[in-house]
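Just below is one structure, and these are the notes that go with it.
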Amino acid sequence: MGDPLRRPRVVPGSWLELLLLLLQLLSAPAPRRAYPVPICWQQGLNCRVKNSTCLDDSWIHPQNLTPNYPKHVQIQLRLARTQQGDLVPVVHIEWTLQTDAGLFSPKGAKLSVLQLNTNEHLCVEFEFLSKLKRYKQWRFAFSHFVVEPGQEYEVTVHHLPKPIPDGDPNHLSKKLLVPDCEDFRMKITTPCVSSGSLWDPNITVETLEAHQLRVSFTLWNESSHYQILLNSFPHMEDHSCFEHIQQIPAPKQEEFHQRANLTLPLHSSNWCCRHRVQVQPFFNSCLNDCLRHTMTIPCPDVPETSVTIADYKSLWVFGCISVVLVGFVFFLKTKCTTWRQHDVAADELTLPIPDPWESLAHLRSSPSTLRDRAPKGHRFY
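Taking mature numbering (1 follows the signal peptide of the UniProt record, and there is no 0), I'd label the letters of the sequence shown as residues -34 to -1, 1 to 347.
Pasting the structure below:
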């Protein structure tokens, strides 16, 4: 086998180095960090935390001595106050340096948080301003990455400098799924409150005659319009068979916290019987991204036909009589077939018995015949 493929080493001052440095400046935005300013200083280590792009100089200038990967990496979801007083969800990251020969080689660490659905990449760097001079469980923590409700993230801890292209990785990654605004902890955060998490519309739905649906809900204390979305589905199917949208104008101040009532049309067929009603507000704080509240109405139960014991007895009697009749007909058919075959066989085996007087008269009337048939040397008297 040939030599493994290797990345080309970047020559200092080359155009590729300049391009990578330019990408460093333009690639990732500064991370959103919660208040207060993070501190990584410890006794025996001078350290600082700074904003960073998600690239590192060690990618351009590989080094031979690199630290080992981090251990005991833990991530948790916590709530923190920003400098403006907002309550926001943050990801808390903890990790430990390994106490091996590579303990004295790290020059820092890089933390990155990748939002999976948007690929937004936020990074900070722990820069060690002094060298580690003794063996101990060096432990670090960071709790200043602000995350969004209902999103999934990948958190990675890199030790610096990063390894050469063909070296063993010295980083660990974990995923974090942030609950949405329906979670009891997230409901009180500033992002969820801004999207209407504290509003409880208390939706009620009633099916009326003439294929109509009555919807009622409680208005919020804001003069914003609402939109009611109706989707109907067949029983045990997810393909919509009917859709309807109805707008509700912004209420007046005296109508705040009052009940709004409206009637929606339904599909004329009874098989389109499962309905989903959504109330979408358009509050000033969230506009088109406000939380939608949903109410589902299942198809009505089909009443089962009641069968009495007398009905079951009649069915049993009828079934028994039918079985007996079928068996009797089959028996007669088999018996008749057997009798018919027996008569045919008897006719074939029965031979006619000749009359002796007729035979004697025939012999007397035909002596020449007997003479001709008699063997030679014999005579008839």
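The beta-carbon is built from N, C-alpha and C at its ideal position, and this holds for glycine as well.
Asked, Found
"Would Pro36 pass as an interface residue toward chain D - the criterion being a Cβ-Cβ separation below 9 Å?", "The displayed structure is made up of one protein chain only, and chain D is not part of it."
"Return the Cβ separation of Leu228 and Val181 in integer angstroms, given the expectation that the two are a contact with Cβ distance under 8 Å.", "5 Å"
"Out of Val245, Val144, Cys265, which has the shortest C-alpha to C-alpha gap to Cys256?", "Val245"
"With distances taken between CB atoms, is the gap from Pro247 to Trp186 smaller than 9 Å?", "yes"
"Which residues does DSSP pair with Trp61 in a beta bridge?", "Phe106"
"May I ask you to report which of helix, strand or coil DSSP gives Cys89?", "strand"
"Output yes or no for whether 9 Å exceeds the beta carbon distance between Pro167 and Phe183.", "yes"
"Checking 9 Å against the spacing of the C-beta atoms, do Thr122 and Ser189 come in under that value?", "no"
"Does the Cβ-Cβ distance between Trp61 and Ala46 come in under 9 Å?", "no"
"Is Ser109 near Pro4, with beta carbons less than 9 Å apart?", "yes"
"Might you give, ordered along the chain, the residues of its own chain that have their beta carbon closer than 7 Å to the beta carbon of Thr156, omitting 5 neighbours on each side?", "Asp52, Leu53, Val54"
"Please return the same chain residues whose Cβ sits closer than 6 Å to the Cβ of Trp237, not counting the five positions on each side in sequence.", "Pro200"
"Starting from the C-beta of Glu120, find all residues in its chain whose C-beta is less than 7 Å away, skip the five residues before and the five after it, and write them out in chain order.", "Leu80, Leu82, Ser139, Lys141"
"Return the first residue and the last residue of the beta strand (DSSP E) that Cys13 is part of.", "13 to 18"
"By DSSP, does Leu253 sit in helix, in strand, or in coil?", "helix"
"Secondary structure at Asp267, three-state DSSP: helix, strand or coil?", "coil"
"Mind listing, in chain order, the continuous beta strand (DSSP E) runs of no fewer than 3 residues lying wholly within the region 165 to 225?", "170 to 174, 178 to 184, 192 to 199, 208 to 214"
"Short check: CB of Leu63 to CB of Trp104, under 9 Å?", "yes"
"To which residues of the same chain is Ile154 closer than 7 Å at the C-beta, ignoring the five residues directly before and after it?", "Leu53"
"So, using beta-carbon positions, are Pro131 and Lys73 closer together than 9 Å?", "no"
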